[in-house]
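The structure appears right after this line, and notes come after that.
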Amino acid sequence: MLFDTHTHLDAKAFDEDREEVIERARANGVSKIINVGFNRETIPTTMKLAESYDFIYAAVGWHPQDAVTMKAEDLDWIEELCNHPKVVAIGEIGLDYYWDTSPKDVQQRVFREQIRLARKVNKPIVIHNRDAHQDVVQILREEKAEEVGGVMHCYSGSWEIAQACLDMNFYISFGGPVTFKNAKQPKEVLARVPLDRLLIETDAPYLTPHPHRGKRNETGYVTLVAEAASQIKEISMDEIARITMENACKLFSITR
């Protein structure tokens, strides 16, 4: 049974067939899902999903692209939601230097505030990192993120950055890009990540794996990520499923 540790089933892309998408995921062996709410619009819809399905859990946080919109009361709201039994992490949080939607200094401040909140409420963090590797690692170190740990979501960086994150009690998660034929670096990093720190995800509806690239991603396609990990690690699909399920349940304090 597979655990998709990062998806967005509340996205508008699923408005026409959300129920069918969830059923297909279940039919493909996905038994646990974390849906991620990352701003004022998606946190409520994420919570609704988590409350509607016993196998869907929630991560709530403020995305770096939306950092400029976050107010003090939003941080209080996230803290309050961390008392909910289905909220298992704070995220996705981090830095995104690719999209110019929030100034870097604002992103960094909001990132730090949420790491401090995670330490206060003792929740792991889900990290979004795009073109900001060194700053992400520096802030994680300065804010003592190793006290709660977390996951580097849809990892795309170098082995050196991955190693720094592993040293800070983080798991490394891979999504659709690791299935791409030209994805040399993600494959090389996955090969080196210890099995007890490996996670898989879809980030649906984004980052669709091969051979569906260019179409809408679905949670059920996490099987394709698991297959790629199985080939790279040279172990069976059953082992990948078992290991990544155990890892996710341990990180997010979920009973199997």
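Numbering-wise (our numbering), the sequence shown opens with residue 949 and increments by one. We put the CB at the ideal spot given by N, CA and C, even for glycine.
Neighbourhood of residue i by C-beta distance below 7 Å, restricted to the same chain and skipping five residues each side
i     : result
F1118 : G1097, G1098, V1099 and M1100
E967  : none
M1018 : W1010 and V1058
K1034 : A998, E999, Y1005 and A1006
Closest residue to residue i among the options (Cα-Cα distance)
i     : options                       : result
E1090 : N1077, N1070 and Q1056        : Q1056
V1008 : L1043, A1066 and R972         : A1066
A973  : F986, K1132, R988 and L957    : L957
T1049 : A1020, A1015, R1064 and E1027 : A1015
I1073 : E1061, D1083 and Q1082        : E1061
Q1086 : M1116, Y1046, G977 and E999   : M1116
E971  : T1167, T1171 and C1197        : T1167
S1106 : T1150, Q1133 and T1017        : Q1133
E1182 : L1143, R1204, V1084 and A1131 : L1143
K1129 : P1159, D1022, D963 and H1076  : P1159
T953  : M1185, D1186 and I1120        : I1120
Through-space distance from residue j to residue i, alpha-carbon basis
i     : j     : result
E1094 : K1071 : 11 Å
T1192 : V1054 : 34 Å
N983  : L1114 : 23 Å
V969  : H1011 : 25 Å
V1069 : C1030 : 7 Å
F1059 : G1042 : 5 Å
N987  : Q1111 : 30 Å
H1081 : F1200 : 24 Å
L1147 : Y1046 : 24 Å
K996  : R1190 : 28 Å
E1194 : C1102 : 18 Å
S1104 : D965  : 30 Å
R900  : I1038 : Nothing can be reported for residue 900: it is not among the residues displayed for the chain, which extend from 949 to 1204.
I1180 : N1077 : 23 Å
Endpoints, alpha helix (DSSP H) assigned at residue i
i     : result
F1128 : First-last for F1128: undefined, no H or E at that position.
D1053 : K1052 to V1069
A918  : Here the chain covers residues 949 to 1204 and nothing more, so residue 918 does not appear.
H1081 : H1081 to E1090
S1106 : Run containing S1106: none; DSSP gives neither H nor E here.
T955  : Per DSSP, T955 belongs to no alpha helix (DSSP H); it is in the beta strand (DSSP E), L950 to T955.
R972  : R966 to A975
Contact set for residue i: own chain, Cβ-Cβ below 6 Å, skip 5 residues either direction
i     : result
K945  : There is no way to answer for residue 945, as the model of the chain reaches only from 949 to 1204.
P1153 : A959, A961, R1164 and N1165
L1172 : T1127 and P1157
N976  : G1168 and T1171
Buried versus exposed call for residue i [16 or more other C-beta atoms within 10 Å across all chains shown]
i     : result
K1135 : buried
H1032 : exposed
T994  : buried
D1024 : exposed
D1162 : Residue identity differs from the one stated: residue 1162 is Gly in this sequence, not Asp. With fewer than 16 other Cβ atoms within 10 Å, it is exposed.
A1020 : exposed
E989  : exposed
Boundaries of the beta strand (DSSP E) in which residue i is found, first to last residue
i     : result
M1100 : G1098 to M1100
V1016 : Taken as a continuous stretch (DSSP letters only), V1016 belongs to no beta strand (DSSP E), as it is neither H nor E.
Cβ-based neighbour list, residue i, same chain, cut-off 8 Å, excluding 5 preceding and 5 following
i     : result
A1177 : F1122, V1126, L1138, L1146, I1148, I1188 and T1192
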